[in-house]
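Trainee:
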Amino acid sequence: SQQGEEDPQALSIQEGENATMNCSYKTSINNLQWYRQNSGRGLVHLILIRSNEREKHSGRLRVTLDTSKKSSSLLITASRAADTASYFCATDAKDNYGQNFVFGPGTRLSVLP
Amino acid sequence: EAQVTQNPRYLITVTGKKLTVTCSQNMNHEYMSWYRQDPGLGLRQIYYSMNVEVTDKGDVPEGYKVSRKEKRNFPLILESPSPNQTSLYFCASRDRVATEAFFGQGTRLTVV
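Quick note, the sequences are listed as chains A and B, same order.
This note's numbering puts the first residue of the first sequence at 1, with every later residue one more than the last.
This note's numbering puts the first residue of the second sequence at 114, with every later residue one more than the last.
1. Within 10 angstroms of its Cβ, does THR128 (chain B) collect 16 or more other Cβ (buried), or is it exposed?
2. Out of B:GLN158, B:VAL117 and B:TYR144, which has the shortest C-alpha to C-alpha gap to GLN150 (chain B)?
3. Who are the Cβ neighbours of LEU124 (chain B) in its own chain at under 6 Å, not counting the five residues just before and after it?
4. For the region 140-154 of chain B against the region 79-97 of chain A, are there 3 or more C-beta pairs whose distance is under 8 Å?
5. Note down the Cα distance separating PRO196 (chain B) from LYS130 (chain B), rounded to an integer number of angstroms.
6. Taking all protein chains shown into account, do 16 or more other C-beta atoms lie within 10 angstroms of the C-beta of PRO113 (chain A), making it buried, or fewer, making it exposed?
7. Does the beta-carbon of SER1 (chain A) have 16 or more other beta-carbons within 10 angstroms, so that it is buried, or is it exposed?
8. Which one of A:SER110, A:THR91 and A:THR107 has the shortest CA to CA distance from THR27 (chain A)?
9. For ASN31 (chain A), I'd like the list of residues in its chain whose CB is within less than 7 Å of its CB, leaving aside the five on either flank, ordered along the chain.
10. Along the region 20-49 of chain A, where does the CB come closer than 7 Å to a CB of chain B? Name the residues.
11. Let me know the secondary structure DSSP gives ASP7 (chain A) once reduced to three states.
12. Determine, for ASP7 (chain A), whether the minimum Cβ-Cβ distance to residues of chain B falls below 7 Å.
13. Could you name the residues of the same chain whose beta carbon sits closer than 8 Å to that of ILE13 (chain A), not counting the 5 residues immediately before and after it, in chain order?
14. Go ahead and pull the three-state DSSP assignment for ASP83 (chain A).
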């Protein structure tokens with residue numbers, strides 16, 4: 001029961017450019033979160049946006065949430081080589097008390113120097 | 114330092130030989146879960162636990178067991194590993210539902 005689907009699957013940009021990744025999900029949610037994974041390592045939490053929020057910022061990250069379209073986007077501004085990683089969205093379904101904190105397949109971002 | 118610790122980091126084993134991957138967290142979190150990560154499939158939840166002695170199946174529980182006898186530990190048990198369980202495994206903990214998850218560093222398991 002895969003909930004989140006990121007798009008694109010892979011993205012390659014030059015350092016200094018902005019990177020935008022999208023996430024779509026299927027059911028009503030409590031919140032949506034974005035995580036980063038450096039090659040083969042554990043996931044690191046980036047940002048959480050609740051269902052009653054539309055936009056959230058954290059440093060160079062900007063996340064938007066459109067519950068009517070069941071979609072979210074993650075924007076990384078002024079990208080750096082160190083931003084090269086895979087990015088995943090994850091959702092907590094509404095009224096879902098712990099079951100299936102579900103991740104999408106991820107977007108692999110390459111930032112070229 | 115707040116952390117989730119998995120052991121071992123790497124493991125090569127043979128088909129049918131029982132193994133346990135340990136997971137421990139030092140944040141007093143109630144919620145813990147196990148995921149496996151395979152290329153193109155993202156992370157799939159194997160089992161989760163909402164508190165001590167409370168465990169439940171995720172999306173891909175077949176071939177796995179878990180236990181939650183203490184709040185801090187959530188071991189993953191493969192009673193009879195098979196090659197299709199070759200994967201990268203992650204343990205995660207959360208304070209409660211709808212908060213951020215903390216992940217272990219991963220266990221790369223190869224079953225030959």
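Every residue gets a Cβ at the ideal spot worked out from N, C-alpha and C, and that includes glycine.
Mentor: Here's the rundown:
1. exposed
2. B:GLN158
3. LEU222
4. no
5. 11 Å
6. Counting C-beta atoms within 10 angstroms of its own C-beta, PRO113 (chain A) has fewer than 16 neighbours from the protein chains shown and is therefore classed as exposed.
7. Summary for SER1 (chain A): the model assigns pLDDT 39, below 50, so the residue's position carries little reliability; its value from the coordinates is reported in the next sentence. Classification of SER1 (chain A): exposed, given that the 10 Å Cβ count is below 16.
8. A:THR91
9. LEU48, ILE49, ARG50, SER51 and ASP92
10. From the region 20-49 of chain A, only ASN30, ASN31, GLN33, GLY40, ARG41, GLY42, LEU43, HIS45 and LEU48 have a Cβ closer than 7 Å to chain B.
11. strand
12. no
13. Apart from the 5 residues on each side of it in sequence, ILE13 (chain A) sits with its Cβ closer than 8 Å to the Cβ of ALA19, SER79, LEU109, SER110, VAL111 and LEU112 in its chain, given in chain order.
14. Of the three classes helix, strand and coil, the one that applies to ASP83 (chain A) here is helix, per DSSP.
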